[in-house]
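In the numbering used here, the protein residues as written are 239 to 556. We put the beta carbon where it would ideally sit given N, CA and C, even for glycine. On a predicted model such as this, the values are computed, not experimentally measured, just so you know.
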Ligand code: F6P
């Protein structure tokens, strides 16, 4: 009988293991065997896979990272690499493939779909930058990690009346910073969607100081500024003590939250159902608390607006 394959690709995200577990359980439920490819698309190209049985995944839902490991495969971007991947699948009688990853991984899934492979994609990225889905697996855990770190950093900020700049991940998506601010941690934010100039940041800081807040936390999305330059600018212009923390890879690790595990379970089961119903080329998501799927081919045209209402930020941040 044809087998189902699964791989995790791109940056690891907490909850990827919970998705693997759900997929294995669903496949077993429907009487299918399942194999896991190692190191993302690399494993597909190199034929590096093993049988995933229930025993292998029984206790993995609470583990961070991905037991299958992951990569950003340069070889898979080439036509030759993709042909080799298709060859691996055919040779081993694996005609369904589930890909857990972010935007780049989804592009790979779409290419395989176009080459005739039956695929389903599950969003696993801390960035939450796939606009067709309200949430991707990993985002909630990372948000909670950010909140935890920021609360700790604030203790020092408060004690020293410091201005603190904290850089969070997100690639080109500001959701981690925006949701942190909505959750009450972060006085000023600057994200790709709501980008502030140095002077605008200082102006907001001035307003906070005038209101009597002497320790302020500025949350910025990565890749936007030279942080040392920003820190220096604030110190000079505002005559305050400023310090910078880059949260870095702590944001990618740790035990997945209950939300991410449940989301992963729902999405994993949906992906298997779609494939077994003969539906290839779908990206599973969640919208308005319902599990949905959209065509990978139409992803770029998705216009679902999941951005936080700007007026909310205007009410909460000043
Ligand atoms: O996509 C997840 C992510 O952590 C981004 O937030 C970040 O920009 C990027 O991956 C870092 O990539 P790498 O792990 O390749 O350094």
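Through-space distance from residue j to residue i, alpha-carbon basis
i           : j           : result
residue 247 : residue 550 : 34 Å
residue 552 : residue 301 : 38 Å
residue 462 : residue 271 : 45 Å
residue 240 : residue 292 : 18 Å
residue 447 : residue 489 : 30 Å
residue 334 : residue 513 : 7 Å
residue 531 : residue 320 : 24 Å
residue 345 : residue 443 : 41 Å
residue 318 : residue 307 : 23 Å
residue 348 : residue 449 : 52 Å
residue 445 : residue 494 : 37 Å
residue 430 : residue 436 : 14 Å
residue 492 : residue 299 : 12 Å
residue 483 : residue 473 : 15 Å
residue 556 : residue 460 : 22 Å
residue 438 : residue 411 : 20 Å
residue 386 : residue 454 : 16 Å
residue 537 : residue 343 : 13 Å
residue 534 : residue 296 : 30 Å
residue 529 : residue 393 : 39 Å
residue 322 : residue 432 : 43 Å
residue 294 : residue 305 : 10 Å
residue 316 : residue 548 : 41 Å
residue 353 : residue 523 : 23 Å
Spatially closest choice to residue i from the options, by CA coordinates
i           : options               : result
residue 329 : 349, 344, 285 and 524 : 285
residue 452 : 408, 437, 422 and 402 : 402
residue 395 : 555, 312, 480 and 426 : 480
residue 420 : 384, 297 and 436      : 384
residue 434 : 458, 423 and 492      : 458
residue 364 : 522, 520 and 303      : 303
residue 486 : 353, 325, 305 and 406 : 406
residue 423 : 352, 324 and 404      : 404
residue 504 : 527, 492, 325 and 438 : 527
residue 554 : 416, 299 and 305      : 416
residue 478 : 325, 398, 327 and 355 : 398
residue 326 : 533, 316, 287 and 297 : 287
residue 324 : 294, 355, 296 and 297 : 355
residue 267 : 432, 511, 534 and 548 : 511
Bridge-paired residues (DSSP) for residue i
i           : result
residue 531 : 522
residue 483 : 404
residue 241 : 332
residue 455 : 402
residue 503 : Paired residues: none, contrary to the question.
residue 338 : 246 and 360
residue 273 : 243 and 289
residue 428 : 458
residue 375 : 362
Under 8 Å between C-beta atoms of residue i and residue j
i           : j           : result
residue 414 : residue 465 : no
residue 245 : residue 282 : yes
residue 372 : residue 525 : yes
residue 579 : residue 332 : Nothing can be reported for residue 579: it is not among the residues displayed for the chain, which extend from 239 to 556.
residue 400 : residue 440 : no
residue 388 : residue 418 : yes
residue 367 : residue 409 : yes
residue 261 : residue 509 : yes
residue 264 : residue 507 : yes
residue 425 : residue 456 : yes
residue 351 : residue 519 : yes
residue 496 : residue 370 : no
8 Å Cβ cutoff, residue i in contact with chain D
i           : result
residue 446 : The displayed structure is made up of one protein chain only, and chain D is not part of it.
- Query: Is there contact here, the region 456-472 with the region 276-283, by at least three beta-carbon pairs under 8 Å?
  - Reply: No: fewer than three Cβ pairs fall under 8 Å.
- Should the region 249-260 be called in touch with the region 376-384, which here means at least 3 C-beta pairs below 8 Å? At 8 Å Cβ cutoff, the stretches touch.
- Any contact of the region 334-346 with the region 358-371, i.e. 3+ C-beta pairs under 8 Å? The answer is yes - the region 358-371 touches the region 334-346, with three or more Cβ pairs under 8 Å.
- Query: How do the region 500-508 and the region 255-262 stand: do at least 3 beta-carbon pairs fall below 8 Å, yes or no?
  - Reply: Output reads yes: the region 255-262 touches the region 500-508.
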